[in-house]
Each structure stands twice: as structure tokens, then as C-alpha cells.
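Quick notes on the structure that follows.
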Amino acid sequence: MFHTEEESIVTMINHIAQNNVSAGSESEVADIVENHITKFWSRRMKKILAEQLANGTEEFEPAAKLAAERLSAKMSASA
Amino acid sequence: MLQHFDPNKDYGTPASLSEKMVTLEIDGVEVTVPEGTSVMRAAALHDINIPKLCASDNLEAYGSCRICAVQIEGRRGTPASCTTPVDAGMKVTTQNDKLAKLRRNIMELYISDHPLDCLTCPANGDCELQDMAGAVGLREVRYGFDGENHLDSQKDHSNPYFTFDPSKCIVCSRCVRACGEVQGTFALTIDGRGFDSKVAAGQDEQFLDSECVSCGACVQACPTSTLMEKSVIDMGVPEHSVTTTCAYCGVGCSFKAEMKGDQLVRMVPAKEGDANHGHSCVKGRFAFGYATHKDRIKAPMIRDSIDQPWKEVSWEEAIGFAAKRLKDIQAQYGRESIGGITSSRCTNEETYLVQKLIRAAFGNNNTDTCARVCHSPTGYGLKQTLGESAGTQTFDSVMFSDCILVIGANPTDAHPVFGSLMRRRLREGASLIVTDPREIDLLSTPHLGDATHLPLRPGTNVAMVNALAHVVVTEGYEDKEFIASRCEGDAYAKWREFIIEERHAPENVEEITGVKAEKVREAARKFATAKNASIYYGLGVTEHSQGSTTVMGIANLALATGNMGREGVGVNPLRGQNNVQGSCDMGSFPHELPGYQHVSDAVARARFEKVWGVKLDDEPGLRIPNMFDAALSGEFRAMYVQGEDIAQSDPNTQHVEAALSALDCLIVQDIFLNETAKFAHVLLPGSTFLEKNGTFTNAERRINRVRKVMAPVAGKEDWEVTVDLANALGYPMNYSHPSEIMDEIASLTPSFANVSYDALEEHGSLQWPCNDEFPMGSPIMHTESFPIGDEGKALFAVTEFVPTTERANSRFPLLLTTGRILSQYNVGAQTRRTDNQAWHDEDILELHPHDAEERGIKTGDWLGITSRAGQTVLRARVAERMQPGVVYTTFHHPGSGANVITTNNSDWATNCPEYKVTAVQVEKVSQPSEWQKNFQDNHERQYEFLRGSASSADAVK
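Quick note, the sequences are listed as chains S and G, same order.
So the first sequence is numbered by numbering that gives the first Met the number 0: it starts at 0 and just counts up by one.
So the second sequence is numbered by numbering that gives the first Met the number 0: it starts at 0 and just counts up by one.
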């Protein structure tokens, strides 16, 4: 049970990473997380994710953080 | 002679499936039929109609009435043609003086104990006894009517939909046999012997008090008016019928809507229905009264604020009001500030149009559907592993299963007609494994095979499915040949390495699931060694934080054992609502265009852009929960909801209500003022399935026609309203009939390429994929390859078990799981407005006697149920079928507030809510919860606003 949208976004990316933890190395798990978010998350969710990453206020799983960083970099590059 | 099968004709006994043909002679006519066919059926197939009373072609031959007696050359006596199989060279006589006299004598005996009130009998004109009396030429009853008889037997009116009048019963046992053979409930019996024999429900109880599930099979089977629909008693026999598709549940039964003018008299399941073969449940057959209920919204309404009364307006004004609001909001807050929700209760054509409206006219991908909260993990999980977001089989395939594994589904309640078919197969000897926290009714069904119950703890499906697969692999039950030829090697190797880890062994999982390891091993062996093993699953799989993982685990299990691509096997999601499959197929999800074509696929997008004439967004839009979050943040301001009731069905009700209250414009199109409509600014009258044309797609991918039998109460079919809204927004839509919409769907959706209304008329129904590769459709998928990857090979998926964060503790020591009941449907908007209320007029909390005793709770006590999300109050039922520590309720009544207590936890891949696991505490209370009090206040206020709609002219400034 989470209480804010920001909390839910970070919980969700962590959850994706946890459920794919057996995919291999941290980088391989991050690949899966990144692909999943690219394919299924809306623009708005991705934006909130990037903001939470930038704020550094939320606890990310290592693979989730790596994926969030990659996504954030891509968003910045295409902006 | 050609044999034309006429589904409207009763051939007396079931068809033989033998491929060996036998030739015989009946009344001098040479006939050739499959070996095992009865003489009665062989004759009927050649239009030689032998009189009958106790025979019906949906029941095994019984041979009790003897009126079908015939003479066979070289054989003694007059055998019953229904119980006599054909023989090569047999010479049968069906009509001569001896037989005529015999039949008249039998009929005379029947009629000597039967009321002679034919002219005032409700079955007058539709009575087989009457027809047969005529056929055998009965002219007198020599015995008189003064002897001992049953003419004063008391009627049983207890069932809300049919009466039982034993004075008219001829004790043919058709009802008893239908209850057993067709429905599988065995609620009826013949009580007593000889002259005292009579049909009895349960332990000679009233029908309503017995275990009768009111499927109506007995009513349909009755050859007299002993069991008769009350609607026929009230209105008389129908004069025409239209074949259409039921709008309850994912079975998608075909029915004949039997009419008098534009009044629906009764629904009779269609024998030619490919999904139901002439069977039905209490909802489909009887619960249609909501269509003419006084609560129907009959005119469009608008209002500025949800605190104001409604103003009844013309269609033009309502559509204009809605369009202006949407345009103004987009102008002020941006293109992505609005969106909509399609409905699994509406037709394919309607859902297609709503998502088209959103993508093309709103200019974004903010479209989602109620599958989000039920089977979205099926879409994800099966696409990842098998390449197609759908079940692999037909319903009939279960008749070839030797082992049936049911996970998190309750078919006899939620998919009753398929549940009956499954029961039939179990009676034939298939074994059953049920993985469910509750002891569902299927486990107690009479059957020849063995039944295993794995009563796992809620939230542990992945651990259980992994444990089953672990046993399959480590004990050497894998189908190596299938895996080598049909599955991708690297993915398999990775999965195999994962699944053989000792942590997945049943002995190590026992602590998680609570199920004894040996029982799990036995179940796995049983599944893996069966010639044909099939898996059926429901929302008990998907509505978890690991729903998608379990779906993939189920696919792994089927692949590892080679149970894929033929009859009797496969992965079968039992879809909740009537058109869940269709609404997903039609592109309702924010990331997929129709036919599961991703919005980022430039080639697919270009085809849609060409036909739709607009540029499409290449990014996924908002899912339903995202829409709520965005509404609360002020970024999402308007929503168009067709035929869904998100305020009742979605979890964490207070959150949903707050989000809906925050919208500047909520447009609801529905047949009633549902819970969502109480937060609406525009209320557009919806049309029921009886009032429109279209198609539904059921859980076996079967596309079936929905045909209009009466005019829409407010003058428009639902698709016409969407067309009007699009045009008012400046995006032209121009269709004159849903068939044109289907033609557009077929042109853009590869799996529907050969689907058209003409093709559906010709074939009755079609299962997608239906295209040049599969011109007749695809009853069973993946027979040779999977639509995935370059090589068409299935992908095993690694299925890590990640426990839910929703856990019991000292404050919330029990786990709540929610579900459905036979007599009610989903949010209950339809069934609550029928006499189905007789069976379930409130949602109840079931709990185990141990948990009840600890808290001093008795059945009937009011219980406060508190979770991390909220509190509600329900009445208690102490039930042995619950396991200690687990409580259960349904969500059919809005005032129950079942979703006030469910949380916002959701599936990691799809956001499908975790309805099946909520940690709660229960305690005895004496008054409703605060939410329930507020609900009641708002309910009364909103209905007052509705009643005052016509007179509140100044509601909209």
C-alpha cells in the first residue's frame, strides 16, 4: 500500500526489477526493466520517474536505478 | 438421401461420434448413419418422425415412455427405438396398426392422470404431450378420471422464474436427467415408486430451497407445462425468435430470444450455439428483466456540477455539451488531459470505435478497459510466452482432457455453462486438480476420477506453479521432443536451470504455500503423466501482484509437459465479462492498437493513420490507475466511460471517488445511473445487448453475432452515440451499420482479416485468427508453430516468486480474497435488477469457524472489516470451505463497499489490482461504516437529482 503517485512509480519500477531478478546481471535486469517501461509506461509516468531519480529522494533497487538512469538519459537526449 | 441437420429439430437421442457407417432400412427407406446411432435418431435424420415423450437429443436414451416402440424384422416384441442402436441390414417398421394401438394405449394411460385443461394451459401450442396425443390419434380415455390420480398436487411457485406443477407431470425423468447429464448438479430426483413416483427437488424441498441452481435445463427438457417459465404463463407462447449472444460472462452462450412483437418472453439457449450447445445458466436464461427495468436511463442528461440536479436534454444538446467541454479542456490543459474507458460489456464494434475516438479524435492513447482490472496479466503473460494474448483452445476441448488443472477459477459459479461441460468430463473419468484457497464446488462434483485440492495461501500462486514445474523437470516428466521441436532453446535452458533449483522443490515451498509437499508432487505427476492435461485459470491467478508471472508459469508448465497444440490440452484463461477478449482484441489498451499491434510500431501505425486520416501518438497512454492519479494531480481533467462502473469495480474506492470528483467533465454512457455516473456531468443512455447489433468475442476467441431484438430505449445503439460524439468533436465518423465497422476492423487487424458479418452468417461463429492462413478460423491455436520470434518457437519465461507486500500482521491478521457468485454478475448493475436477488441480495463475509470462534462471531453477525485502505461492514457467514486465516466476500452490491478495503497494490507488469490479497481484521460491530453512511447519503441525493431531472431547467447555466 503506497500513498503518493511518486511513491507508486518508484515502487512499480522496483517491482519490475524484483520480478526479473533471475534474468542475469544487474545490467541484464536493467535491460528488461528499461524495455518494459519503454513499451508500457505513459509519457507522464516516465516523466515522474525521471523527476524522482533526479530528486534522489526515493529508494531504487540497483537494477531499477540503472534502468531509470538510462531512460532518463534518453528522455533528455530526445527533449 | 441427404441428411440436413436442423438445429431446431429434436432428433431424440444424441449423435454418435463413430466414423463407421451402418446402412439399414426404415419403413422401406435405405438409410446410412454412424454406428451407435439409435433407430429413433436414424429415422428422424431422414424425416421419419417416431413419436416420443421421454427422449430428447441432449439426453442419453432412457426408454421409459415406450411410446417410441417400433418393430424390427427378425426381432421379438416392440423395442423402444430410442434405446435400440442401428444394425447393418436392420429392417425397421415405425408405423402399422399394432404400433398405433400400442401407442394410443400408452397415451391413454398418461392422459388418464393428466388435467384436460389444454385451452387454458400455458403450454398450449408448445406441448409435446399434446402434440404426441395428436400424433398417435388419441380419441378417448376409457379409464375415466375418477380413479386415483395426481390432479390435486400442489404447485411449487418458489422459484422466481418458473413454476413446478406436479399435476401435469408424466414422470418421464427428462428434467431429472437434464439436471444430472446437462447441468451436472443432480438437484432433482424421482421420489417414491410405482404410482407414487414423483419429481422432487433436493430432499423433497421447494425448488428455491433445494440445491437447484436454476439453470433452466429442466424447464427446457419438460415435455409438458409441469416446469414452465413464469413469463410464458404471464404472456403466452412467443411468436418469433432472434438468435443472439448472451451478455453475461466470457462463455458467450448463443440464445434464441423468443419474442411477442417487441416484448421478450423468454431466452432459450440455442442448440446450434458453438459455445453452449443448448445449455444456459440462471443469468443468461432468466435474468434479462433489467432490460426493461424502471431504472433505465431513457434520455440524455447534463449538469455543470455533480452537486446539481440533472437536466434532461436532447441527444444533440448532450453531445454538443460533452464535445464543447472536451475541446475546452484540451485547449486549456493540453492534448493528453482527456481520455476514456471502453467496456467489456459492449460489442467489438463499440469498443473499437471508442478507442478510435480517443486515439484519432482526442489525439492521444489514453484509452483503457476493464480488462486492466481482470485479465491484463493474461494478455501480457501469454504474449510473452506463446506469442498471442489469448487462450489456446475451444471449450469443447475439455472433453478430450484426461487431467484438468484449475487454478484460481470457480467455473461452476463464474462460467457456469462451461462448468457443466467440465463436470461432464469429470464424470467420464478425467482427474481434477484444484489450486485455490477455497474448496470450490467443482471439488464436490460427482465424478469417476480423483480430485486433488491444493489449498494454497492467497498470494502464493507463483510458488505453487514453480513447485509443480520443478517436479516435472526433476522427476523426468518433461516432454523433451516437444520442447526440442517447439520451444526456443536458450530460453528453455535458462528456465530449466532456474526451475531445478532446490528452493522450488515442494518441500521448500511448503512453508510458503501451506500445502503438503507430497500432495504437490502427486499433483504434478498426475498432470505430467496424463495423456492430455489442460489448465484452466481465472482471476484467482491474474488479480495478484504477481499475476503476470503466474500466467507465464502456467504457460511454462503446459510447454514443459508438451500439452499444447491439440485437443484436450492448452492454456485456458476463463475471461470474466462477456467481451473481455474482444475489448482487448479491439485495441482498448493504451499501448496497443487493434490486434495487439504496438503503438510504437511505425508500420502498423501507418496503416491506421492512412485509414483513420490522422497522425497517431507513438507513446503508450494512461492506464486506468494512472488516469486516477493524473486526475488527482490536476493534469487529467475529462473522461468518457462507456458501459463500465469503475467507481464500484476498481480497488481502493475512496481513491477512485476522489479522482472522479476531481474531473471537470465525466461523460458516462450506461443503461443505469451506476456508481460512476453519480460523479458524471453528462449521462448518455446506453443500450442493452438486446437493443443493438454487433459481435462479442468469448474466452475461446469465438466471434459471435449480437442481434437486435428490440429498439433502443433512448433511440440510439451505443456505437451511434460514439459516432455522434466524434463528429461533434470535428472528427468525421460515418457508418450506417456495425457490419461496416467490422469491415474496417478486418482491414486493419491481421487476425480478423477474413471476419465479416456475411462470414459469420455463413459459419455461425468464427474463432480468430481468421485470415488467409486460417480461412475457417482457428479452434485450437499453436498446432504447428507459435506467432513469436523468427522461428515460431515458444519462449519459456523465468518466473521468480516475489511475495506481495500486502501481508498479514498482528493488526491485520486475516487475508481477504474477493470473488463472484453464480446468481450475480460483476458489479451487479444488471442482475440486482432482476429476481436473481432471491439468491444473493447482499454481499456476505465468509470466514472459517476457527477465526469466527476466536472473535465470538456467529453467522448473521455484523462485522467491521478493516484494512490498510479502509473499513466496511458486512454480515458474517461461518463456512467450513474457508481455510483458517482467510476470509472471502463478493462485490456485487455497491453499498457493501468491498473495494473500500482492497488496496492499490497491483501486478508488476500490468497494474492489474491485487483484489485477491488484502490483509484485514474483522470484529463485531453494530452500525455501518462511515463510508457506507456517506455512500447511502450520496446515493439518495443522486437519485433525487435524477428524479428531478425533467424539472430542473436551470441546472445548467
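From the three backbone atoms N, C-alpha and C, an ideal C-beta is built for every residue, glycine too.
Since this is a predicted model, take the numbers as computed values, not measurements.
- One thing to note: Q870/G has its Cβ within 8 angstroms of the Cβ of V899/G.
- For E6/S, no Cβ of chain G is located within less than 8 angstroms of the residue's own Cβ.
- Three or more Cβ pairs closer than 8 angstroms define a contact, and the stretch 41-50 of chain G meets that threshold against the stretch 20-27 of chain G.
- Between T244/G and R704/G, the C-beta gap is smaller than 8 angstroms, which places the two residues in contact.
- Annotation note: the stretch 833-861 of chain G contains the following uninterrupted alpha helix (DSSP H) runs of length 4 or greater, listed N- to C-terminal: 848-854.
- Here the stretch 752-762 of chain G does not lie against the stretch 456-469 of chain G, with fewer than 3 beta-carbon pairs under 8 angstroms apart.
- The beta carbon of H414/G is closer than 6 angstroms to those of C248, V250 and L573 in its chain, skipping five residues each way along the sequence.
- Here S24/S is exposed: its Cβ has fewer than 16 other Cβ atoms, across all protein chains shown, within 10 Å.
- Close CB contacts of E760/G within its chain, under the 8 angstroms cut and outside five residues either way in sequence, are with R704 (chain order).
- A straight-line Cα-Cα distance of about 27 angstroms links V175/G and L118/G.
- Counting the other Cβ atoms within 10 Å of the Cβ of Y142/G gives fewer than 16, which makes it exposed.
- Contact holds between the stretch 90-102 of chain G and the stretch 53-68 of chain G, because three or more Cβ pairs, one in each stretch, are under 8 angstroms apart.
- At least one C-beta of chain S is nearer than 8 angstroms to the C-beta of V801/G.
- In the DSSP assignment, S430/G falls within the unbroken beta strand (DSSP E) covering S430 to T434.
- For the set I498/G, D195/G and A492/G, the Cα lying nearest the Cα of V471/G is the one of I498/G.
- Taking every protein chain shown into account, the CB of M775/G has fewer than 16 other CB atoms within 10 angstroms, so this residue is exposed.
- Comparing alpha carbon positions, the residue from W309/G, V519/G, V464/G and V281/G closest to T411/G is V281/G.
- Of all residues in the stretch 787-815 of chain G, the ones placed with a Cβ closer than 8 angstroms to any Cβ belonging to chain S are V797, E799, V801, T804 and E805, in chain order.
- What A22/S touches in chain G, judged by beta-carbon distance under 7 angstroms, is V797, going in chain order.
- Annotation for M227/G: the continuous beta strand (DSSP E) segment containing it runs L226 to E228.
- T541/G and E799/G have their C-alpha atoms spaced approximately 16 angstroms apart.
- With respect to the 8 angstroms criterion, L862/G and E772/G are not classified as neighbours on the basis of their beta carbons.
- Straight-line spacing of the CA atoms in H276/G and G418/G works out to 13 angstroms.
- Chain S has a Cβ within less than 8 angstroms of the Cβ of E634/G.
- Residue range P505 to T512 is occupied by the alpha helix (DSSP H) that includes V508/G.
- For V405/G, the secondary structure class from DSSP, reduced to helix, strand or coil, is strand.
- DSSP, read as helix, strand or coil, puts G539/G in helix.
- Taking C-beta separations shorter than 6 angstroms and ignoring five residues to either side along the sequence, the partners of S17/G in its chain run P33, E34 and G35, following chain order.
- For Y887/G, DSSP records a beta bridge to T816/G and E845/G.
- Counting other Cβ atoms within 10 Å of its Cβ, R810/G stays below 16 and is therefore classed as exposed.
- Shown here is that no member of the stretch 449-476 of chain G has a Cβ falling below 8 angstroms from a Cβ of chain S.
- A direct Cα-to-Cα measurement between I189/G and E474/G gives close to 49 angstroms.
- Excluding the 5 residues flanking it on each side, E59/G has same chain C-beta neighbours closer than 8 angstroms at T12, P13, R176 and E180, in chain order.
- Listed along chain G is no residue with a C-beta nearer than 8 angstroms to that of I31/S; the closest approach is about 10 angstroms.
- In the structure shown, the three-state DSSP call for H452/G is strand.
- Burial state of V722/G is buried, judged by a 10 Å Cβ sphere holding 16 or more other Cβ atoms.
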